[in-house]
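>
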Amino acid sequence: MTDPWEGQENQELAAAIKKVRRRTLIRNILISLAVSLITLVVIFIGAAHLIDHESSETMFDEYGYMSISSPNEYLEPGHKDRRGFLSGVLELDTYKIVEGIPIPWREKWINYHVTGFPFTTGVHGGTTSLEGDDPALKAQGYEYNRRYNPDNGQREMLFYVPGADYNGKILNDIPSLSQMESGKLVEMALSFDKNYSFAEVKAMLPAGVRPVWYWVDTYDDWKDFGLEPEKNGDGVIVYPQPLISTYGVYGFGVRPHSENPDPADFIGSVKVGLQQKGKYYSEYKRIYTYLKKDKPEPGTSDVRILGVVVTGTTRGLQSLNGQPYIRGAVLGAVADRY
Numbered sequence: 001m002t003d004p005w006e007g008q009e010n011q012e013l014a015a016a017i018k019k020v021r022r023r024t025l026i027r028n029i030l031i032s033l034a035v036s037l038i039t040l041v042v043i044f045i046g047a048a049h050l051i052d053h054e055s056s057e058t059m060f061d062e063y064g065y066m067s068i069s070s071p072n073e074y075l076e077p078g079h080k081d082r083r084g085f086l087s088g089v090l091e092l093d094t095y096k097i098v099e100g101i102p103i104p105w106r107e108k109w110i111n112y113h114v115t116g117f118p119f120t121t122g123v124h125g126g127t128t129s130l131e132g133d134d135p136a137l138k139a140q141g142y143e144y145n146r147r148y149n150p151d152n153g154q155r156e157m158l159f160y161v162p163g164a165d166y167n168g169k170i171l172n173d174i175p176s177l178s179q180m181e182s183g184k185l186v187e188m189a190l191s192f193d194k195n196y197s198f199a200e201v202k203a204m205l206p207a208g209v210r211p212v213w214y215w216v217d218t219y220d221d222w223k224d225f226g227l228e229p230e231k232n233g234d235g236v237i238v239y240p241q242p243l244i245s246t247y248g249v250y251g252f253g254v255r256p257h258s259e260n261p262d263p264a265d266f267i268g269s270v271k272v273g274l275q276q277k278g279k280y281y282s283e284y285k286r287i288y289t290y291l292k293k294d295k296p297e298p299g300t301s302d303v304r305i306l307g308v309v310v311t312g313t314t315r316g317l318q319s320l321n322g323q324p325y326i327r328g329a330v331l332g333a334v335a336d337r338y
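Using the UniProt record's numbering, read the sequence shown as starting at 1 and increasing by one per residue.
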């Protein structure tokens, strides 16, 4: 016969065990939730620190690279930084200065992400330049057109490497200055007949012509830059096209708060880029190796000038007409004094 007290004790024990299990389950759930919450907080704080670091490194990379690769172009103060999880986009605006007049120039979007997590926001850089259709150039047999800034419609400068064969199709906009209003302020890219030293360039430019950016010879392999004529599939010779100011043109110049450019500035910028080991490291290394040749490191005498960007009035720049060292001259930004 079953003892009724024993049955009651079993029920009470089962209820107690069930209650303990329920408390344990609730405790474990709360602990898991707390651990998960703490883990998420740690992850997001860590991700925020990582993306902040990547943003700063990317900004430093872009600023440094612009200092050698953007003729008479500067970053506007401030920028937008749109961040996601482990990735982001820097939105930068640039401007030019033509005889003291700032000209809004370009919008740039730079993707960045934490190393090892190649996520992106899906935003990419805009068009670097647009190609115009110039009937006059076609009539003269030119195989290329002028380039224009897609953000403001102004002309982009073009550069001709000394010694490269352009089949005689080299622009010279100096004569057209006489057809423009005398008070207009203009920017112009001058390409030389050969390379010169920095001192030689400063001495040979006439008065009234203000050099603001010096184009440096960094062309170690002409084929990589498309500087040699080649035959296409039909056996027709295709001649090189001039370099545009947004690709493959390097140099140094004045800055908004520094009016005394020096070849040492260029070498210093390249060295900083090497030390940074960022996005443009391989290009810095290529330039540095080309400049120093077989020496331990390059000196200022190794910085040879292939051309210069100048600014001035249309009347003042007419003094460049007929100068024997000028192989090509291409107008860039144009501004009004008032």
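Where a beta carbon is used, it is the ideal one built from N, C-alpha and C, also for glycine.
1. What residue range does the beta strand (DSSP E) around Ile110 cover?
2. Go ahead and pull the three-state DSSP assignment for Pro211.
3. Please list, in chain order, all residues of the same chain as Lys223 whose beta carbon is under 8 Å from its beta carbon, the five residues on each side excluded.
4. Comparing C-alpha positions only, which one of Val330, Asp217, His49 sits nearest to Leu86?
5. Which whole runs of the beta strand (DSSP E) in the UniProt domain "Sigma factor regulator C-terminal" (177–332) are 3 residues long or more, in chain order?
6. In this structure, does DSSP put Lys138 in helix, strand or coil?
7. Quick one: Cα of Ser182 to Cα of Leu331, how far?
8. Going by beta-carbon coordinates alone, are Ala203 and Met157 separated by less than 8 Å?
9. Do Tyr250 and Ser129 come within 8 Å of each other at the CB atom, strictly closer than that value?
10. Helix, strand or coil: how does DSSP classify Ile45 here?
11. Alpha carbon to alpha carbon, how far is Asp262 from Pro135?
12. Have a look at Ile170, Val161, Ile51 and flag the residue whose alpha-carbon is nearest the alpha-carbon of Arg146.
13. Looking at Val238 and Glu230, is the spacing between their C-beta atoms short of 8 Å?
14. Kindly examine the ligand MG and report whether one of its heavy atoms sits closer than 7 Å to the Cβ of Val334.
15. Who pairs with Asn167 in a beta bridge, going by DSSP?
16. Expressed to the nearest angstrom, what Euclidean distance is found between the alpha-carbon atoms of Ser269 and Tyr284?
17. Have a look at Val161, Gly64, Trp215 and flag the residue whose alpha-carbon is nearest the alpha-carbon of Leu75.
18. By a C-beta neighbour count over all protein chains shown, 10 Å radius and 16 as the cutoff for buried, is Gln275 buried or exposed?
Once the coordinates are examined:
1. 101–113
2. strand
3. none
4. His49
5. 185–196, 210–216, 251–253, 305–313
6. helix
7. 15 Å
8. no
9. no
10. helix
11. 41 Å
12. Ile170
13. yes
14. Looking for the ligand MG in the displayed structure turns up nothing, as the structure carries no ligands at all.
15. None; Asn167 has no bridge partner.
16. 9 Å
17. Gly64
18. exposed
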